Amino acid sequence: MNQSSSEHSSSTLPKTDSDAYRLEQEHVHKVYNEIAHKFSDSRYKPWPQVVEFLQTFPGASYVLDIGCGNGKYLNVRKDLLMIGCDRSEGLLEICRERHYQVFLSDCMAIPVPENTFDGVICIAVIHHMSTDNRRLKALKEIVRIMKVNGQALVTVWAKEQEINEKKSTYIRKSVKSMTSSENESSIATDNELAVHTPRTKFQRSDCLVPWIKLTATYLRYCHVFVQNELDNLLKQLSNIEILKSYNDDGNWCTIFRKTA
Ligand SMILES: C[S@@+](CC[C@H](N)C(=O)[O-])C[C@H]1O[C@@H](n2cnc3c(N)ncnc32)[C@H](O)[C@@H]1O
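One point on numbering: in the UniProt record's numbering, the residue at position 171 of the sequence shown is 171, and numbering is uninterrupted.
Structure follows, in structure tokens:
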């Protein structure tokens, strides 16, 4: 198998914010740009619980999809003013071809005034931030741009891929019968980022998840969240109320409201 420029397993956990920036640049943003079309082909089915959340908004509400990818939620409700933003130009180009309203932005610094949106969705994005501070910064940014009483749904990938003996779709679709001793935990030292074996349980919270495109493999950095981790970050914010937290097929999801 060829290795793409994004594949090297010698990456380490970031110690400083500039390390974190470099890691995400190499193992998140560069990767999404390189895999944009194939990634988009695999992401066409909106998750029902996200659609259900979008259904709660009155017509003509302003809703921002942060890290919108190929924009698969941007036409779920044609009577909302839905706008998307993302760090990947490649994915935004796909949104523009579909005539969606999108702009280039990092989710930790969104060029939008405070109190602008009635609602926000941020689906499977914050697990790509590589420090607690950066994950918190992204959550603060969601709250800043929402109006008081606005509601947000945030979902992140869960470390737990089996709950009450029910396996997530991600591990149910396992193609290899690999034991956990053959995967990431045994091959990386504490500070090194392990390469996760796709469609197996996560051994570590921080890892590089391979994306295979023809003969090249791209490694995406992910921080998989343990139960309550997302809510514990949100609880550091004084002006929100958590309305609902749940697990949706291998993802931790929280709906919250801006209170002030
Ligand atoms: C797993 S995809 C999810 C895409 C979309 N939300 C969905 O549900 O299909 C992660 C997305 O997050 C975007 N992303 C990652 N880091 C980001 C950042 N710092 N700021 C904005 N978007 C980011 C990626 O470009 C990618 O589109």
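Beta carbons: idealized from backbone N, C-alpha and C, even for Gly.
Given the structure is predicted, the values throughout are model-derived calculations rather than measurements.
Asked, Found
"What residues match up with Met146 in a beta bridge as DSSP calls it?", "Phe117"
"How long is the line joining the alpha carbons of Val112 and Asp86, rounded to whole angstroms?", "13 Å"
"Are the C-beta of Leu91 and some C-beta of chain B separated by less than 8 Å?", "Chain labels in this structure do not include chain B; a single protein chain is all it has."
"Are at least three pairs of beta-carbons, each pair with one atom in the stretch 114-130 and one in the stretch 141-160, less than 8 Å apart?", "yes"
"If you reduce the DSSP assignment to three classes, tell me which class Glu162 lands in.", "strand"
"If you draw a straight line from the alpha carbon of Asp17 to that of Met129, how long is it in whole angstroms?", "11 Å"
"Whose C-alpha, out of Pro46, Gln25, Lys45 and Asp106, is nearest the C-alpha of Ile66?", "Asp106"
"Of the choices Arg257, Arg199, Asn115 and Gly69, whose alpha-carbon is the least far from that of Phe103?", "Gly69"
"Where DSSP assigns a beta bridge to Gln25, which residues make up the other side?", "Bridge partners of Gln25: none, in fact."
"Ordered along the chain, which non-local residues of its own chain (more than five positions away) have a Cβ less than 7 Å from that of Tyr44?", "Lys72"
"Going straight from the alpha carbon of Asp231 to that of Ser245, what length do you get?", "8 Å"
"Does DSSP classify Ser186 as helix, strand or coil?", "Low confidence applies here, because Ser186 scores a pLDDT of 47, under 50, leaving its location unreliable and the question unanswered by this model."
"Rounded to a whole number of angstroms, what is the C-alpha to C-alpha distance between Ile94 and Ser42?", "13 Å"
"Looking at C-alpha atoms only, which residue of Glu192, Asn75, Thr259 and Ala158 is the closest neighbour of Gln151?", "Thr259"
"For Val28, which residues from the same chain have a beta carbon less than 7 Å from its beta carbon, with the 5 sequence-adjacent residues on both sides left out?", "His128, Arg220 and Tyr221"
"Which ranges does the alpha helix (DSSP H) cover as unbroken runs of at least 4 residues, wholly within the stretch 75-131, from first to last along the chain?", "89-97"
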